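Inspection log for the structure reproduced underneath, given as structure tokens.
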Amino acid sequence: MSVEEIERVVAQRVANAIEAIALYETKTNLAHKSMSQTERQEEKVAENASNKRKWENMIHRRVRASKPKTMQDAIEVATKLRNKRISTLVECQTENKKRLDNTSKNNQNQRQPNKRQNTGRAYTTRHGQKKHYSGSKLLCSKCNYHHDGPCAPKCH
């Protein structure tokens, strides 16, 4: 095979791979969008097509610049570049999802930090010794509290 044939085959495979990626992205995005958003999605498809051409040209140039000696070398270079693009897309998507999930509203199961120092002592259990009341008020048999006068009314 001549160099031109290798370049043509590599360019075709790169174009097919990028087209498959763009098609997959648009299908998954369209499946999750409502009908009112399909117009915007169609604009993104057109934008993806232009981005596809840019990526295709970039990969083609890099494969040519590496000057592969065999067809297998050219395919390996193109595959590595394609995988790198896919991994960066996945990283960007997961980063965006993390940003959306990390809102201040989603703190239900998180323990709030202690605002003051040494508050840990307040939550520890006491030893078996109970402090007895040393005040001057009498123990009420009705509510079991120490106070003067009648018990306070309770609201239910």
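Numbering (the UniProt record's numbering) for the sequence shown: 1 to 156. Just so it is clear, CB atoms sit at the ideal spot from N, CA and C, and this is done for glycine as well. Keep in mind that this is a model prediction, so the values were computed, not measured.
Buried/exposed call for A20, threshold 16 Cβ in 10 Å: exposed
Residue environment, A78, which counts as buried when at least 16 other CB atoms sit within 10 Å: buried
Sequence-distant residues of the same chain with beta carbon closer than 6 Å to C143, five excluded per side: C151
Three-way DSSP call (helix, strand, coil) for residue 179 in this model: Summary: the structure shown does not reach residue 179, with the chain confined to residues 1 through 156, and so no result is reported for it.
When I18, V9, R61 and E4 are compared against R85, the one with the closest alpha-carbon: I18
Cβ pair L139, H146 closer than 8 Å: yes
Pair within 8 Å by beta-carbon distance, V63 and A49: no
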